[in-house]
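Below is one structure; the comments refer to it alone.
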Amino acid sequence: MKIAIIGAGYVGLVSGACFSEFGVEVTCVDKDEERIRGLRDGICPIYEPGLDNLICSNTVSGRLRFSVDLKSAVADADIVFIAVGTPSRRGDGYADLTFVYSAAAEIAEALDGYTVVVTKSTVPVGTGREIKRIVYEIADEDTIDVVSNPEFLREGAAINDFMHPDRVVIGAETERALMMLRELYRPLFLSDTPIVETDLETAELIKYAANTFLATKITFINEFADLCERIGANIQDVSKGIGLDGRIGGKFLHAGPGYGGSCFPKDTLALVKTAESANSPVRIVETVVDINEKRKINMAHKIIGACGGSVSEKTLAVLGLTFKPNTDDMRDSPSLAIIPELQAKGVANVRAYDPQGMKEAMNLFQNVEFCSGPYEAMVDADALIILTEWNEFRSLDIGRVRSLLRSPVIVDLRNIYDPINMKDAGFVYFSIGRAPILQPGS
Ligand code: UDX
Numbered sequence: 025m026k027i028a029i030i031g032a033g034y035v036g037l038v039s040g041a042c043f044s045e046f047g048v049e050v051t052c053v054d055k056d057e058e059r060i061r062g063l064r065d066g067i068c069p070i071y072e073p074g075l076d077n078l079i080c081s082n083t084v085s086g087r088l089r090f091s092v093d094l095k096s097a098v099a100d101a102d103i104v105f106i107a108v109g110t111p112s113r114r115g116d117g118y119a120d121l122t123f124v125y126s127a128a129a130e131i132a133e134a135l136d137g138y139t140v141v142v143t144k145s146t147v148p149v150g151t152g153r154e155i156k157r158i159v160y161e162i163a164d165e166d167t168i169d170v171v172s173n174p175e176f177l178r179e180g181a182a183i184n185d186f187m188h189p190d191r192v193v194i195g196a197e198t199e200r201a202l203m204m205l206r207e208l209y210r211p212l213f214l215s216d217t218p219i220v221e222t223d224l225e226t227a228e229l230i231k232y233a234a235n236t237f238l239a240t241k242i243t244f245i246n247e248f249a250d251l252c253e254r255i256g257a258n259i260q261d262v263s264k265g266i267g268l269d270g271r272i273g274g275k276f277l278h279a280g281p282g283y284g285g286s287c288f289p290k291d292t293l294a295l296v297k298t299a300e301s302a303n304s305p306v307r308i309v310e311t312v313v314d315i316n317e318k319r320k321i322n323m324a325h326k327i328i329g330a331c332g333g334s335v336s337e338k339t340l341a342v343l344g345l346t347f348k349p350n351t352d353d354m355r356d357s358p359s360l361a362i363i364p365e366l367q368a369k370g371v372a373n374v375r376a377y378d379p380q381g382m383k384e385a386m387n388l389f390q391n392v393e394f395c396s397g398p399y400e401a402m403v404d405a406d407a408l409i410i411l412t413e414w415n416e417f418r419s420l421d422i423g424r425v426r427s428l429l430r431s432p433v434i435v436d437l438r439n440i441y442d443p444i445n446m447k448d449a450g451f452v453y454f455s456i457g458r459a460p461i462l463q464p465g466s
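Going by the numbering used here, the final residue of the sequence shown carries number 466, and the count climbs one at a time with no gaps.
In structure tokens:
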């Protein structure tokens, strides 16, 4: 079987590399010539653990190719995936489908023989139907079927998520298309991965339902964390206490500074718009979007409170800038809201360090001093702020931290340290949903 993947971005590259690992012949197509040249030379344009090795080994074996030539890749393929970007449209929050629809038209013009066109990009409900309309204006109905096959992979764990998914969702309308997708996913069928076979609209909605549900779960626990701080309860024990209930489950119950990344913020917003347009508003998701936006700013104010009510003329050491660990992705990271708010409130210096995100962060922040390691960021800082839970921040040399900081204040927005240990080490330590443990006299 041969497949083409249009769009060599995050989802396209991970899917392409993993399908080729399954033994399928894959061509990843992108308009960006520099990106394709780099990929041919083994340069992976994104940071994702394990992806560069997978690309290398499958390129060497000849199963994975990269091209700017959509026409011949599509003509050769049995299945074509659309994995182009669907950014939030500026101003109104709707997903921008320009790239999806133009890819669909180009595919219809280029195909040679029966081809299944599959959307892997997260697209609003109704997009598959519109793609069908576009392609049937160009190609004969017997030569093309449209399928929705949403992707659920998480950045930082994408290869494992692709190879061992909780489920595969296939929205198809003909038996012929379904058979092709079943054949493609045969390695996963063999490992007993549940496959949900449904129609186009339902498959599209499943993806939004999953992401908005998870965003809601996080927002729920974040609000409970605030409540814990007020009443002197412990959010980690609350998460454990409810997560052990099989009906709730323990995952996605870590309180923090609010969700970010390339999916949750964009998808929650797009779902709100879809539901509004369908005259069936999903108020719970509207509220989640609102709470999460405000939460990031509230986090800046929490930091200001921890610094005695003012950050004016102060120096802050910030560890972690990406929206989560094991990625270089800065999209909608809480740091992008928190740091500018602190600067607006008069902070003199922000000294930041992130293991992978600094290259991108340099384009996004103003007046931030980027440091080469966590300890360098702490020199003479008035407080240490932990924004992202990278592993290397979990076991800092606490004595060294104490000696570098001008005052012993830590604000840990990911709860990676134990409040009692921090108090014993002489810190005034603030975290999320756990009452601050203050030093006597502080
Ligand atoms: C998410 C979905 O998990 C994935 O299925 C979908 O395909 C794409 O969107 P991703 O954005 O890579 O994946 O990251 P994820 O690990 O889900 O985290 C998203 C955000 O939620 C991060 O900002 C993270 O810090 C935050 N989060 C996650 C929490 O604050 N608490 C949690 O318990 C879990």
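Note that CB positions come from ideal geometry on N, CA and C, so glycine has one too.
For the stretch 224-310, the full-length alpha helix (DSSP H) segments reaching 4 residues or more read 224-255, 259-267, 288-301 along the chain.
By the neighbour-count definition (other C-beta atoms within 10 Å, threshold 16), I444 is an exposed residue.
S334 counts as exposed, since fewer than 16 other beta carbons sit within 10 angstroms of its beta carbon. Beta-bridge partners assigned by DSSP to I194: E221. A407 has L340 as its beta-bridge partners, per DSSP. In chain order, the residues that have a beta carbon nearer than 5 Å to some heavy atom of the ligand UDX are F176, R178, E179, I242, F276, H278, G280, Y283, G284, G285, C287, F347, K348. Taking 9 Å as the cut-off, the Cβ atoms of A341 and P398 count as close. With the rule of 3 Cβ pairs closer than 8 Å, the stretch 28-48 counts as touching the stretch 62-70. Boundaries around A127 are those of the alpha helix (DSSP H), 122-134, since no beta strand (DSSP E) includes it. For G152, same chain residues with a beta-carbon under 8 Å away, outside a window of 5 residues either side, are T143, V170, V171, S172, G195, L224, E225, A227, E228 in chain order. Within the stretch 74-115, the complete alpha helix (DSSP H) runs of at least 4 residues fall at 75-84, 94-100. Cβ neighbours of A201 within its own chain (closer than 7 Å, five residues either side excluded): V140, D169, V171. Going by C-alpha positions, D185 is about 5 Å away from L177. A residue is called buried when at least 16 other Cβ atoms come within 10 angstroms of its Cβ; V371 meets this threshold and is buried.
Residue pairing of C52 in beta bridges, as defined by DSSP: I29, F90. In the structure shown, V170 falls within a strand segment according to DSSP collapsed to helix, strand and coil. Pairing A101 with R157, the inter-Cα distance amounts to about 21 Å.
When DSSP states are grouped into helix, strand and coil, T151 belongs to the helix group. In summary, T236 is buried, with 16 or more beta-carbon neighbours lying within 10 Å of its beta-carbon over all protein chains present. Within the same chain, and ignoring the five residues on either side of S263 in sequence, the residues whose Cβ sits closer than 8 Å to its Cβ are I245, G274, L277, H278, A279. Taking a contact as a CB-CB distance under 8 Å, the pair N439 and Q260 counts as one, their CB atoms being some 6 Å apart.
Here the alpha carbons of I103 and D216 stand approximately 23 Å from one another. Leaving aside the five residues that flank T339 on each side, the residues in its chain whose CB is nearer than 7 Å to its CB run, in chain order, A372, N373, R375, D404, A405, D406. Taking a C-beta distance under 9 Å as the contact criterion, E384 and I321 do not qualify as a contact pair.
Non-local beta-carbon contacts of R87 in its own chain, meaning distances under 6 Å to residues more than five positions away in sequence, involve S44, E49 in chain order. With respect to the 9 Å criterion, I456 and D436 are classified as neighbours on the basis of their beta carbons.
Under the three-state reduction of DSSP output, D164 falls in the coil class, being neither helix nor strand. Only exposed fits G270, as fewer than 16 other CB atoms lie within 10 angstroms of its CB.
Secondary structure remark: continuous alpha helix (DSSP H) runs of at least 4 residues inside the stretch 320-379, in chain order: 359-368. Here G109 is near G33, since their CB atoms are less than 9 Å apart. Each residue's CA atom was taken as its position, placing G62 and V92 some 12 Å apart. At the C-beta level, I30 and I155 stay beyond 9 Å of one another. When the Cα atoms are used, M203 and E175 turn out to be separated by approximately 19 Å.
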